[in-house]
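Numbering (the numbering used here), first residue to last: -9 to 390.
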Amino acid sequence: MSGPVQETTGVAIVGAGPAGLTLGHILAQAGVPFRILEATTREHLLGRVRAGVLEQGTVDLLASLGLDDDLRRRGLTHHGIYLQYEGERHHLDFPELVGRTVTVYGQQALVAHLLAEHERAGSDIVFEAADVQVRGVTGSSPGVRYRDDRGEVELACDVVIGADGYHGVCRRSLPPSEQVTWERTYPYAWLGILAEVEPSTDDLVYALHREGFAMHSMRSRQVSRLYLQVAPDESIDDWSDARIWDALQTRLGVDGWTLAEGPITEKSITPMRSFVASTLAHGRLFLAGDAGHIVPPTGAKGLNSAIADVALLGQALLDERAGDPTGLARYSDQALSRQWKVQQFSQWMTEMLHVHHDEPDASARGFRYRSQVGQLEYVTRSLAARQSLAEQYAGLPFRE
Ligand code: FAD
Ligand code: DHB
């Protein structure tokens, strides 16, 4: 019986999400050989909806790689957000507050574009790579073992990148003695929909309502993206289209404004979690994106954090090849230093805007809700508070 197929590359990237695909482009443009191993099919990858807001730094990185033409064509530049509470909507003007904007451009479109550009460049991407195992990253011969349609493959490489998301294998391949993880879950989830209807707002609306959080986002001038706070154990089958629109109308409603409804083409429920691993480095294995940290979606930081990681990591890998290993040695600390600020912001936005139905009694629930309204009044009225929110929402620098 013949053994595994033996192959060699420079960088083995596990996962073809935004982190893995973007890192692949950074390496491709510098002529560094790499292979991306993706567990799912191309169709599955292209079908996932997920995030929608790109920070200025993310847009700038994609532009520096020449990957922004679709984004320039179809992305929507947004000049701020609305915060809504007690039936009133308040605009935060980002250019006025911090001189920056954000771009609404779906993760689905971004992944499609990054993948199309890889295919045009002839990149080495393996779909349906099964049973990926990280090997020898603390020794002299790192590699990855997996199965594809040829059978077992032993891929030798210089470095392994774990860009395989929260449920991936790379983080789990660290010995427990080498890593601590910090995690919290929230007593609510997001029900998200895509609807074929022109958005009823220019900028995104984040609303605290007594019945729960709601948000109005968009994907294009013809497609709206909306979210509702629901209980974490709720089934999507209990949410008919009519019930969803009803809840959105109630929670997003303000006098003199109407929310236009249209056919719902996608709906799903996402749990909310904060999670950080204590290290993103283990020998020649480096973690990036959701593999190393997760935020609750309020504030739109998940995708942007993945891109911030690979901006640092990509440069560090190129520097090492040019003889300077310091960036790679510092990668984990640098990325986590930014990440903890992002964690704090995401948790703060989440707790300020969601209703805490889990508080033990009506008095505690009332106290919590009223203090959130107090906080929102402060944020919308204080210039310093508006600037702080805008600075973090538009995105902290990738490198301090
Ligand atoms: P991922 O996009 O998760 O990519 C990881 C890839 O690795 C996947 O393609 C996966 O199939 C692959 N993989 C996993 N295991 C293996 C393995 N063993 N072998 C090979 N490949 C593997 N963020 C926001 O900011 N706003 C949102 O509204 C929002 N909504 C979300 C909804 C959902 C359902 C989820 C799961 C996330 C959402 N996020 C949102 C977060 C955001 O989408 C992520 O932060 C972002 O996708 C991170 O990119 P990534 O490349 O690190 O990981
Ligand atoms: C979207 C998602 C977010 O988490 C967010 O804060 C803003 C927008 C979106 O999917 O459009």
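We put the CB at the ideal spot given by N, CA and C, even for glycine. Keep in mind the model is a prediction, meaning the values are calculated, not measured.
How far does the beta strand (DSSP E) with residue i in it extend, from its first residue to its last?
| i | result |
| --- | --- |
| F117 | That residue, F117, is in no beta strand (DSSP E); it is neither H nor E in DSSP. |
| P177 | T171 to A185 |
| E144 | G141 to A146 |
| L218 | S214 to V220 |
| Y383 | That residue, Y383, is in no beta strand (DSSP E); its alpha helix (DSSP H) goes L373 to A384. |
| T(-2) | V(-5) to T(-2) |
| G70 | G70 to Y75 |
What is the residue span of the alpha helix (DSSP H) that residue i lies within?
| i | result |
| --- | --- |
| D83 | It is not in any alpha helix (DSSP H) - D83 instead sits in the beta strand (DSSP E) that spans E78 to D83. |
| S322 | T316 to L343 |
| A106 | Q97 to A111 |
| F276 | Note, F276: premise wrong, no alpha helix (DSSP H); beta strand (DSSP E) at L275 to L277. |
| E310 | G292 to R311 |
Should residue i be counted as a contact of the ligand DHB given a C-beta to heavy atom distance under 7 Å?
| i | result |
| --- | --- |
| L194 | yes |
| V43 | yes |
| A290 | yes |
| R215 | yes |
| P287 | yes |
If you measure from the CB of residue i, is any heavy atom of the ligand FAD nearer than 7 Å?
| i | result |
| --- | --- |
| L27 | yes |
| L35 | yes |
| L73 | no |
| P166 | no |
| G65 | no |
| T175 | no |
What separation, rounded to the nearest whole angstrom, lies between the Cα atoms of residue i and residue j?
| i | j | result |
| --- | --- | --- |
| L238 | Y95 | 22 Å |
| W180 | R263 | 11 Å |
| Y217 | G182 | 4 Å |
| E(-3) | Q46 | 39 Å |
| P177 | V122 | 33 Å |
| I16 | H34 | 24 Å |
| A2 | R360 | 51 Å |
| R311 | I234 | 53 Å |
| P(-6) | L55 | 36 Å |
| R110 | E28 | 18 Å |
| L198 | G5 | 36 Å |
| M205 | M339 | 13 Å |
| E76 | Y196 | 12 Å |
| F203 | K331 | 23 Å |
| E256 | P189 | 16 Å |
| S113 | S268 | 32 Å |
| E381 | V92 | 11 Å |
How about residue i: is its C-beta nearer than 8 Å to some C-beta of chain B?
| i | result |
| --- | --- |
| E142 | In the structure shown, chain B cannot be found, because there is only a single protein chain. |
Kindly examine the ligand ZN and report whether one of its heavy atoms sits closer than 7 Å to the Cβ of residue i.
| i | result |
| --- | --- |
| S207 | With respect to small molecules bound, the structure shown includes the ligand FAD and the ligand DHB and not the ligand ZN. |
Is there contact between the region 96 to 114 and the region 76 to 84, where contact requires at least three CB pairs shorter than 8 Å?
With the cut-off at 8 Å, the region 96 to 114 and the region 76 to 84 do not touch.
Report yes or no: do three or more beta-carbon pairs, one from the region 67 to 77 and one from the region 308 to 318, lie closer than 8 Å?
Verdict: no, contact absent.
Does the region 30 to 39 come into contact with the region 320 to 338, if we say contact requires no fewer than three beta-carbon pairs (one atom in each stretch) closer than 8 Å?
With a cut-off of 8 Å on Cβ pairs, the region 30 to 39 is not in contact with the region 320 to 338, counting fewer than three such pairs.
Would you say the region 294 to 302 touches the region 238 to 256, given that touching needs at least three Cβ pairs under 8 Å?
Judged by Cβ distances under 8 Å, the region 294 to 302 makes no contact with the region 238 to 256, as fewer than three pairs qualify.
Please determine if the region 281 to 294 and the region 148 to 157 are in contact, where contact requires at least 3 C-beta pairs separated by less than 8 Å.
Flag = yes, the region 281 to 294 and the region 148 to 157 touch.
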